[in-house]
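In my numbering, the protein residues as written are 3 to 298.
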């Protein structure tokens, strides 16, 4: 017990104010991918939506500095910038369905691509931002990381105290042993478990007959997960409604929970919950920003 206490104290010292803003979050999960173009962000917003549908208090932190697209996918305008004024801290934006969202889109200057920023500077700005966000109590915080398994996603993960796990998103055509081995190394370095692998767009639903087509072969993600002794969390079929919902700014899990891809996502949410240690559910309180929303 003494060792645990010492570890908590050292974590508090290292993370400082960030520890305070994230103290009342039950589970923090980071979503990574080996490269862009695998639909990672749509997995993030739909996993968050699936957890929300299971009556959880859920926050989404969009840390993808190269293409912060979470606000668009949950239907938020980038006028979120106005929230940065005031020294008391920043409340996340509440969506109509009750997701609490915050994005780095707020802090990267619009006239300058973040890719040109020096790594250390980026990390410092990000940590400062994280220490200003008032998440209040959450059951889950889902973090959308930049693609790849290099320094940047790892630096961001290091900035989040007591991360509970990582989820790797891949697609059948991007199945890569290199991605998995790098993710495993990152998890070891951070001392964080990999909760499992999700195979996005693993099949296509024929709009006329409803049949599933596996263009790149069936069960590729599952085989990869077995090879690396990782849990396989499930595959998400691609149907027309999936991309339509993303374009409209409503996660498909909210827009059409009966659809085949939403059902797959809800099942994955159950798998994720089952892999985490049980903790008492957060009882939501009425927050000031909910009152603001009620008045609009």
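Every residue, glycine too, gets a C-beta built ideally from N, C-alpha and C.
Inset, instruction - Compute the distance between the beta-carbons of residue 20 and residue 147, then report whether it is under 8 Å. - result: Your numbering for residue 20 matches position 18 in the chain shown. Your numbering for residue 147 matches position 145 in the chain shown. No, the pair does not count as a contact, with Cβ atoms beyond the cut-off.
Legend entry - Alpha carbon of residue 87 to alpha carbon of residue 262, nearest angstrom: If you number the chain shown from 1, residue 87 lands on position 85. If you number the chain shown from 1, residue 262 lands on position 260. For residue 87, the pLDDT reaches just 49, beneath the cut-off of 50, and the residue's location in the model is therefore unreliable, although a value from the coordinates is still provided. Their backbone Cα atoms lie some 42 Å apart in a straight line.
Legend entry - beta strand (DSSP E) runs contained entirely in the region 162 to 214, provided each spans 3 or more residues: 167 to 172, 196 to 207
Legend entry - Three-state secondary structure (DSSP) of residue 87: By 1-based counting over the chain shown, the position of residue 87 is 85. Residue confidence for residue 87 is low, a pLDDT of 49 falling below 50, so the modelled location carries little weight; the figure read from the coordinates is stated next. Looking at residue 87 - three-state DSSP - the assignment turns out to be coil, as it is neither helix nor strand.
Legend entry - Touch test, the region 183 to 197 against the region 155 to 168, Cβ-Cβ under 8 Å, three pairs minimum: yes
Legend entry - Of the listed residues 128, 105, 45, nearest to residue 269 (C-alpha basis): Working through the chain shown from its first residue, we reach residue 269 at position 267. The shortest Cα separation from residue 269 among 128, 105, 45 belongs to 45.
Legend entry - Range of the contiguous alpha helix (DSSP H) that encloses residue 227: Residue numbering aside, residue 227 sits at position 225 when the chain shown is read from its first letter. Annotation for residue 227: the continuous alpha helix (DSSP H) segment containing it runs 222 to 229.
Legend entry - Those residues which DSSP pairs with residue 145 across a bridge: Here residue 145 is taken as the residue at index 143 of the chain shown, counted from 1. 32, 63.
Inset, instruction - Return the CA-CA distance between residue 331 and residue 43, expressed in angstroms with no decimal places. - result: Because residue 331 is not part of the residues shown, which for the chain are 3 to 298, the question remains open.
Legend entry - Which residues DSSP lists as bridging residue 134, in chain order: As a working note, residue 134 is residue 132 in the chain shown. Bridge partners of residue 134: none, in fact.
Legend entry - residue 277 to residue 250 span [Cα, whole Å]: The count along the chain shown starts at 1 and reaches residue 277 at position 275. The count along the chain shown starts at 1 and reaches residue 250 at position 248. Taking the straight line from one Cα to the other gives about 32 Å.
Legend entry - C-beta contact flag for residue 35 and residue 149 at 8 Å: Here residue 35 corresponds to residue number 33 of the chain shown, with the count starting at 1. Here residue 149 corresponds to residue number 147 of the chain shown, with the count starting at 1. Taking 8 Å as the Cβ cut-off, residue 35 and residue 149 qualify as a contacting pair.
Inset, instruction - Can you give me the Cβ contacts of residue 157 inside the same chain, cut-off strictly under 6 Å, excluding the 5 residues immediately before and after it? - result: For the purposes of this step, residue 157 is taken as residue 155 along the chain shown, with counting starting at 1. Excluding positions up to five away in sequence, the list reads 125.
Inset, instruction - For residue 256, write down the residues that DSSP places opposite it in a beta bridge. - result: Along the chain shown, one-based indexing puts residue 256 at 254. In the DSSP assignment, residue 256 is bridged to no other residue.
Legend entry - Contact under 8 Å by Cβ, residue 64 with residue 127: Walking along the chain shown from the start, residue 64 turns up at place 62. Walking along the chain shown from the start, residue 127 turns up at place 125. Result no, Cβ atoms of residue 64 and residue 127 do not sit closer than 8 Å.
Legend entry - Residue closest to residue 95, alpha-carbon to alpha-carbon, out of 123, 60, 26, 67: Position 93 of the chain shown, counted from the first residue, corresponds to residue 95. The shortest Cα separation from residue 95 among 123, 60, 26, 67 belongs to 60.
Inset, instruction - Inspect the beta-carbon positions of residue 178 and residue 129 and report whether they are closer than 8 Å. - result: One-based indexing of the chain shown puts residue 178 at position 176. One-based indexing of the chain shown puts residue 129 at position 127. No, these two residues do not count as a Cβ contact at 8 Å.
Inset, instruction - To the nearest angstrom, report how far apart residue 170 and residue 185 are at their CA atoms. - result: Reading the chain shown from its first residue, position 168 is the one you call residue 170. Reading the chain shown from its first residue, position 183 is the one you call residue 185. Whole-angstrom Cα-Cα distance: 8 Å.
Inset, instruction - Pull up the distance between the alpha-carbon of residue 265 and that of residue 203, whole angstroms please. - result: Numbered from 1 along the chain shown, position 263 holds the residue referred to as residue 265. Numbered from 1 along the chain shown, position 201 holds the residue referred to as residue 203. Roughly 14 Å separates the two Cα atoms.
Legend entry - Residue range of the alpha helix (DSSP H) that includes residue 263: Taking the first residue of the chain shown as position 1, residue 263 is located at position 261. Residue 263 -> alpha helix (DSSP H) spans 262 to 277.
Legend entry - N- and C-terminal bounds of the beta strand (DSSP E) containing residue 104: Residue mapping note: residue 104 aligns to position 102 of the chain shown, counting from 1. Element bounds for residue 104: 102 to 105.
Legend entry - DSSP-derived helix/strand/coil call for residue 27: For the purposes of this step, residue 27 is identified with residue 25 of the chain shown, where counting begins at 1. The three-state reading of DSSP puts residue 27 in strand, counting E and B together.
Legend entry - Own chain, CB closer than 8 Å to residue 181, minus 5 neighbours either side, in chain order: Translated into positions along the chain shown, residue 181 becomes position 179. Counting only Cβ-Cβ distances below 8 Å, and skipping sequence neighbours, we find 35, 36, 37, 151, 170, 172.
Inset, instruction - Classify residue 229 as buried or exposed, calling it buried when 16 or more other Cβ atoms lie within 10 Å of its own Cβ. - result: Position 227 of the chain shown holds residue 229. That one is exposed.
Inset, instruction - Measure the C-alpha to C-alpha separation of residue 207 and residue 73 and round it to an integer number of angstroms. - result: As a working mapping, residue 207 is identified with position 205 in the chain shown. As a working mapping, residue 73 is identified with position 71 in the chain shown. Roughly 27 Å separates the two Cα atoms.
Legend entry - C-beta atoms of residue 26 and residue 139 nearer than 8 Å: The residue given as residue 26 occupies position 24 in the chain shown. The residue given as residue 139 occupies position 137 in the chain shown. Their beta carbons are under 8 Å apart, which means residue 26 touches residue 139 by this criterion.
Legend entry - Where the alpha helix (DSSP H) containing residue 58 begins and where it ends: Along the chain shown, read from residue 1 onward, the residue named residue 58 stands at position 56. Element bounds for residue 58: n/a, residue is neither H nor E.
Inset, instruction - Can you give me the Cβ contacts of residue 66 inside the same chain, cut-off strictly under 6 Å, excluding the 5 residues immediately before and after it? - result: Working through the chain shown from its first residue, we reach residue 66 at position 64. Correct list, in chain order: 146, 148.
Legend entry - Range covered by the alpha helix (DSSP H) that runs through residue 157: If you number the chain shown from 1, residue 157 lands on position 155. Counting along the chain, the alpha helix (DSSP H) containing residue 157 begins and ends at 153 to 160.
Inset, instruction - Starting from the Cα of residue 91, find the closest Cα among 22, 224, 226, 154 and give me that residue. - result: Taking the chain shown and counting its residues from 1, the one referred to as residue 91 is at position 89. Residue 91 has its Cα closest to that of 22, out of 22, 224, 226, 154.
Legend entry - Identity of the residues DSSP links to residue 76 by a beta bridge: Looking up residue 76 in the chain shown gives position 74. In DSSP, residue 76 forms no bridge with anything.
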